[in-house]
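Below you'll find the structure, written out as structure tokens, and then a few comments.
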Amino acid sequence: MSLAADLIAWQRVHGRHTLPWQNTRDPYRIWLSEIMLQQTQVSTVIGYYERFLARFPNVAALAAAPQDDVLALWAGLGYYARARNLHKCAQTVMQVWNGRFPTHAADLITLPGIGRSTAAAVAAFAAHERSPIMDGNVKRVFSRYFAIEGDPGRKDVENRLWTLAETQLPEQGDDMPAYTQGLMDLGATLCTRSRPTCTICPLQGHCQARIQGRQHLLPTPRARKAQPRRSTRMLIIEYGTSVLLQRRPAQGIWGGLWSLPEADESHTPAESTHLLLWPAVHRPPTSPAPLDAGTELAAFEHVFTHFRLTIQPWLLQVNTEAPCPPAPPDMVWTERQKLAHLGLPAPVEKLLSGLYASQQNSLIDT
Numbered sequence: 000m001s002l003a004a005d006l007i008a009w010q011r012v013h014g015r016h017t018l019p020w021q022n023t024r025d026p027y028r029i030w031l032s033e034i035m036l037q038q039t040q041v042s043t044v045i046g047y048y049e050r051f052l053a054r055f056p057n058v059a060a061l062a063a064a065p066q067d068d069v070l071a072l073w074a075g076l077g078y079y080a081r082a083r084n085l086h087k088c089a090q091t092v093m094q095v096w097n098g099r100f101p102t103h104a105a106d107l108i109t110l111p112g113i114g115r116s117t118a119a120a121v122a123a124f125a126a127h128e129r130s131p132i133m134d135g136n137v138k139r140v141f142s143r144y145f146a147i148e149g150d151p152g153r154k155d156v157e158n159r160l161w162t163l164a165e166t167q168l169p170e171q172g173d174d175m176p177a178y179t180q181g182l183m184d185l186g187a188t189l190c191t192r193s194r195p196t197c198t199i200c201p202l203q204g205h206c207q208a209r210i211q212g213r214q215h216l217l218p219t220p221r222a223r224k225a226q227p228r229r230s231t232r233m234l235i236i237e238y239g240t241s242v243l244l245q246r247r248p249a250q251g252i253w254g255g256l257w258s259l260p261e262a263d264e265s266h267t268p269a270e271s272t273h274l275l276l277w278p279a280v281h282r283p284p285t286s287p288a289p290l291d292a293g294t295e296l297a298a299f300e301h302v303f304t305h306f307r308l309t310i311q312p313w314l315l316q317v318n319t320e321a322p323c324p325p326a327p328p329d330m331v332w333t334e335r336q337k338l339a340h341l342g343l344p345a346p347v348e349k350l351l352s353g354l355y356a357s358q359q360n361s362l363i364d365t
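Numbering that gives the first Met the number 0 puts the first residue of the sequence shown at 0, with every later residue one more than the last.
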């Protein structure tokens with residue numbers, strides 16, 4: 000039997016069949032799941048996927064939604080460029096494709112945020128199109144099956160894997176959903192990174208890494224680099240029951256989300272807050288004192304894929320006997336009870352939830 004035949008037979012008996020995005024040919028639902036599953040575990044995605052469909056049941060609903068609503072539902076999944084591209088893609092489908100989601104890989108790949116592998120996956124499930132996929136799990140399966148040396152993240156190695164993947168497609172398009180899902184399932188359950196279960200793998204008879212006893216050595220691991228460390232000071236600036244939030248730039252970490260203002264250590268937290276709220280054109284009132292000196296809260300660390308960030312929060316309170324200063328550009332005063340409904344970065348939400356948990360306007364259960 001061929002790789003495809005072995006894999007399809009295995010998937011139909013042992014593969015996953017009850018995930019909420021399976022057993023449908025709706026390209027919108029398939030696309031949504033594929034974007035969410037990028038670099039994110041299935042167990043994490045399920046809840047987000049179901050909440051997204053409840054709020055945005057079709058591409059028209061997603062396209063019409065404010066980006067803040069999309070980012071708020073996405074908060075916690077990470078890689079926020081995916082959420083922004085998700086929104087752009089839905090709007091493009093409405094504007095260019097008259098609301099009909101494409102189902103062919105050549106059309107899908109022209110949409111924002113859809114690469115070659117995602118386009119192929121949507122086409123395979125929605126249209127039974129014969130197009131290969133190549134995510135991290137699939138790279139591992141093919142690297143072992145064909146005993147391919149070299150880091151799969153290198154362009155030359157990846158191109159070789161794509162070429163091999165083209166040769167392994169089933170002949171019948173109707174087999175593409177089971178074949179594509181089988182590759183994903185095999186990489187996620189048996190052909191895992193550190194503990195491959197070769198003894199029950201349907202491909203063991205022809206897997207070159209298994210035959211050569213090198214399944215634990217392939218794929219070739221990427222050279223490890225020490226994670227750089229960064230630090231930032233976050234300012235929790237309160238005016239009564241309102242908190243000052245700042246919109247993150249579209250590019251970079253937490254792109255487009257609401258977060259806390261940040262400041263370097265060239266000024267004290269109080270000085271940084273003065274510069275934010277009362278620049279030269281808006282002098283602070285001389286009496287009463289406009290701002291307290293601030294309270295240093297416990298620092299904590301947040302780990303990103305490529306670096307570690309130490310966050311030092313400071314709590315500062317603006318005197319409410321004076322008028323509330325206007326929010327600077329890209330900032331907004333937000334009532335505490337509304338914080339839970341915004342797209343806050345996970346560490347910021349955790350910080351504010353902990354701070355306000357014992358107070359009436361808590362982020363918890365709102």
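Cβ atoms here follow ideal geometry from the backbone N, Cα and C, with glycine treated the same way.
Three or more C-beta pairs below 8 Å linking the segment 50 to 61 and the segment 154 to 161: no
Own chain, CB closer than 7 Å to L31, minus 5 neighbours either side, in chain order: The residue labelled residue 31 in the question sits at position 32 within the sequence shown. Cβ neighbours of L31 beyond the five flanking positions: Y48 and F51.
Closest Cα partner of F402 within the set I252, A82, V140 and A120: In the structure displayed, the chain extends from 0 to 365; residue 402 sits before or after that span and is not available.
Chain D contact for G204 (CB, 8 Å cutoff): No chain D is present in this structure, which holds just one protein chain.
The alpha helix (DSSP H) enclosing V12, as first and last residue numbers: On the sequence shown, position 13 is the one that residue 12 refers to. Looking at the DSSP string, the run of the alpha helix (DSSP H) that includes V12 is L2 to H13.
Nonlocal neighbours in the same chain, by C-beta distance under 7 Å from A298, ignoring five residues either side: Position 299 of the sequence shown holds residue 298. Correct list, in chain order: T309, I310 and Q311.
Cβ neighbour criterion (16 or more within 10 Å) applied to C206: In the sequence shown, residue 206 corresponds to position 207, counting from 1. Buried, because 16 or more other Cβ atoms sit within 10 Å of the Cβ of C206.
Residues of its chain near R81, where Cβ-Cβ distance is below 6 Å and the 5 sequence neighbours each way are ignored: By one-based count along the sequence shown, residue 81 stands at place 82. Correct list, in chain order: I34.
Beta-carbon proximity of D134 to T219, cut-off 8 Å: Start at 1 with the first residue of the sequence shown, and residue 134 comes out as number 135. Start at 1 with the first residue of the sequence shown, and residue 219 comes out as number 220. The answer is no: Cβ separation not under 8 Å.
Sequence-distant residues of the same chain with beta carbon closer than 6 Å to S116, five excluded per side: Here residue 116 refers to the residue found at position 117 when the sequence shown is read from its first residue. These residues qualify, in order along the chain: I132, M133 and D134.
Euclidean distance between Cα positions of H16 and N22: The residue given as residue 16 occupies position 17 in the sequence shown. The residue given as residue 22 occupies position 23 in the sequence shown. Roughly 8 Å separates the two Cα atoms.
When P248, R143 and T267 are compared against Q214, the one with the closest alpha-carbon: Along the sequence shown, one-based indexing puts residue 214 at 215. Nearest option by C-alpha distance: R143.
Cut-off 7 Å between Cβ atoms - residues of its own chain near M183, not counting five sequence neighbours on either side: On the sequence shown, residue 183 is found 184 positions in, with the first residue counted as 1. The answer, listed in chain order, is N136.
Through-space distance from Q336 to F100, alpha-carbon basis: Taking the sequence shown and counting its residues from 1, the one referred to as residue 100 is at position 101. Taking the sequence shown and counting its residues from 1, the one referred to as residue 336 is at position 337. In a straight line, the C-alpha of F100 is about 37 Å away from that of Q336.
R11 CB to nearest heavy atom of the ligand ADP below 7 Å: This structure lacks the ligand ADP; in fact it carries no ligand of any kind.
Within 8 Å, strictly: CB atoms of L315 and L290: Residue numbering aside, residue 315 sits at position 316 when the sequence shown is read from its first letter. Residue numbering aside, residue 290 sits at position 291 when the sequence shown is read from its first letter. The answer is yes: Cβ separation under 8 Å.
Identity of the residue in S265, R24 and V12 nearest A406 by Cα: Residue 406 cannot be examined here, being either before or after the span of the chain that is shown, 0 to 365.
Per-residue DSSP class, three states only, for F124: Translated into positions along the sequence shown, residue 124 becomes position 125. Looking at F124 - three-state DSSP - the assignment turns out to be helix.
Per-residue DSSP class, three states only, for F51: Walking along the sequence shown from the start, residue 51 turns up at place 52. Of the three classes helix, strand and coil, the one that applies to F51 here is helix, per DSSP.
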